[in-house]
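Chains as they are written, first to last, in my numbering: chain A, 703 to 1006; chain B, 33 to 279. From the three backbone atoms N, C-alpha and C, an ideal C-beta is built for every residue, glycine too. One structure is given below, encoded as structure tokens.
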């Protein structure tokens, strides 16, 4: 039983990372209906920037700086590249984000090389005697949880809560939701729709950057590190409903847990760890057959 | 207050307005009548900046606005309540009203005093809307998409009023509504004009009703002004009666 709980917690942790990246994808999709295939590579790129900066700065100084830089990068990409193709044929936009994928991947390989690098976990902080983050494990009764898994969970929950408050209670968040729902009416309210889209990309890049820094500790930092994660994140976003931020996180958690349980409990000669991606994706296909808009999705999907 | 001169506007290759001119004096209600596809909505879209005219000029309070964006024009004190209401249908009534006031309160408040002032202005505007449409006060936390057609139109007008406009562009407020609800809404439109002095440019298919509350009227036909007169004269005019009043 302890192993089961162990796998659950690990699944929740990796699932949170998928969920965060899925959230980044959803943030862009629901306001622009652009599927950003470069989301994972943007996260990988900012994680490399973090790795470089960690040579001279402490983790907790570098972390917020990287978020700011990621946001700047996201906004820049929207303003300079995506804006030119927005409103055009959907294939153009897909090709552009795929191009972005290739560019970021190649620049990272050229600049930082292909050799995998260790990326640190968020270091320990003591707040009034209570320990946050850091190495080691915590005994929580039924099982033992590593601090890094806990850290990832805390980040995912924290980011969700922060985004919820932002969208629900700030004028900027309200305007961004309005833009996603009805761009024309938003213009008539005086909302600069273009600016909102740039802010959306910035926000999304920052969320992705967190996912990148957290996963890099688990799977080593290297240019192709986000490929698998991106696949899971897309699956999570689709499973949860492409227009639902809550759905993205829930979808990520479901996939993370399924993946871990399948990898642990199915017999080696039938399915086993090698088949966990396949099994996970089959489950998603089954769910989508029943609910084509995803678990939390509302908007009717167009047939493409 | 509003001067539209020789405006030509098109959707891609399809020209919808072939040189429309009209004038809306301050404090008046001006009706734009005409059949489907005559260019009524297009005229409003050109005025509010949703559609950039190809040529001609539009002046609001003596200022050229035909090259401005819709976002800029709102903040000059013009609210466009578009065809089909265009509510934020997944948001609550109150959130819709909050967005209606967006243009008045953009940017961060400079001081606590300014923040308080904004809050007060916002509360006052909401109170005013709820006075016109008490039903909206009851439904303030309801999702806009679940309101009845009449309530949605009221919310659309209320949202337009939140920006504290001096000119209100109203596109087919009667669309899809029962006659009794339409009448109620038209009475409130008249009240808004009379008590608050808000100038109104009203596009309507229901010519009878529109001419009842309007001071002036324009009849559009295939993108041109066919007739322009006081509403009293238009009601008497044989051509109008035959084509639009069904008498």
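Check whether the Cβ atoms of residue 954 of chain A and residue 938 of chain A sit closer than 8 Å, and answer yes or no. yes
Am I right that residue 942 of chain A and residue 724 of chain A are in contact with their C-beta atoms under 8 Å? What's the rounded C-beta distance? 7 Å
Please state if the CB of residue 150 of chain B and the CB of residue 333 of chain B are separated by a distance shorter than 8 Å. Shown here, chain B extends from 33 to 279; a query on residue 333 of chain B therefore has no answer.
Listed by chain order, chain B residues near residue 997 of chain A by CB distance under 9 Å: Within 9 Å Cβ-Cβ: nothing; residue 997 of chain A doesn't reach chain B, min ~17 Å.
From A/829, A/902, A/726, A/948, residue whose alpha carbon lies closest to that of residue 781 of chain A: A/902
Indicate the three-state DSSP secondary structure (helix, strand or coil) for residue 717 of chain A in the structure shown. helix
For residue 849 of chain A, which residues from the same chain have a beta carbon less than 7 Å from its beta carbon, with the 5 sequence-adjacent residues on both sides left out? 835, 836, 837, 838, 839, 840
C-alpha gap between residue 64 of chain B and residue 102 of chain B, whole angstroms: 21 Å
Compare the Cα-Cα distances from residue 810 of chain A to each of A/750, A/756, A/821 and report the closest residue. A/750
Would you kindly report the start and end of the unbroken beta strand (DSSP E) that includes residue 262 of chain B? 256-262
Comparing alpha-carbon positions, which option in A/867, A/754, A/735 lies nearest residue 815 of chain A? A/754
Near-chain B residues of the segment 777-795 of chain A (beta-carbon distance less than 8 Å), N- to C-terminal order: none
Would you check if there are 3 or more beta carbon pairs closer than 8 Å linking the segment 945-965 of chain A to the segment 708-720 of chain A? yes
Distance check for residue 889 of chain A and residue 992 of chain A, CA to CA, integer angstroms please. 37 Å
How about residue 889 of chain A: is its C-beta nearer than 8 Å to some C-beta of chain B? yes
Contact set between the segment 849-876 of chain A and chain B, restricted to residues whose Cβ is under 8 Å from the partner: 873, 876
Applying a beta-carbon distance threshold of less than 7 Å, which residues of chain B neighbour residue 880 of chain A? 120, 131
Between residue 90 of chain B and residue 55 of chain B, what straight-line distance do the alpha-carbon atoms span, to the nearest angstrom? 10 Å
Inter-residue spacing [alpha-carbon to alpha-carbon] between residue 869 of chain A and residue 275 of chain B: 50 Å
According to DSSP, is residue 944 of chain A part of a helix, a strand, or is it coil? coil
CB residue 940 of chain A to CB residue 860 of chain A, shorter than 8 Å? no
Assign residue 124 of chain B to one of three DSSP states: helix, strand, or coil. strand
Is the Cβ-Cβ distance between residue 197 of chain B and residue 111 of chain B less than 8 Å? yes
Please report the Cβ distance between residue 129 of chain B and residue 186 of chain B, rounded to the nearest whole angstrom; I am assuming they are in contact, meaning their Cβ atoms lie under 8 Å. That belief does not hold up - the Cβ atoms of residue 129 of chain B and residue 186 of chain B are roughly 11 Å apart, past 8 Å.
Closest to residue 714 of chain A by CA distance: which of A/899, A/853, A/891 is it? A/853
Closer than 7 Å by beta-carbon distance: list the chain B residues that pair up with residue 884 of chain A, in chain order. 118, 120
What do you get for residue 733 of chain A, buried or exposed, if any count of 16 or more other CB atoms within 10 angstroms of its CB means buried? buried
Counting only Cβ pairs nearer than 7 Å, list the residues of chain A close to residue 112 of chain B. 890
Assumed close pair residue 39 of chain B, residue 52 of chain B - CB separation to whole angstroms, cut-off 8 Å: 5 Å
State whether the segment 215-230 of chain B contacts the segment 248-258 of chain B, with contact taken as three or more CB pairs (one from each stretch) at a distance under 8 Å. no
Is residue 268 of chain B buried or exposed, if buried means 16 or more other CB atoms sit within 10 Å of its CB? exposed
Sequence-distant residues of its chain with Cβ nearer than 8 Å to residue 96 of chain B (five each side left out): 89, 90
Could you name each continuous beta strand (DSSP E) segment of 3 residues or more that falls completely within the segment 138-218 of chain B, going from the start of the chain to the end? 199-203
State the beta-bridge partners of residue 777 of chain A as determined by DSSP. Answer is none; residue 777 of chain A lacks a bridge partner.
Kindly indicate which residue of A/994, A/820, A/707 has the alpha-carbon position closest to the one of residue 842 of chain A. A/707
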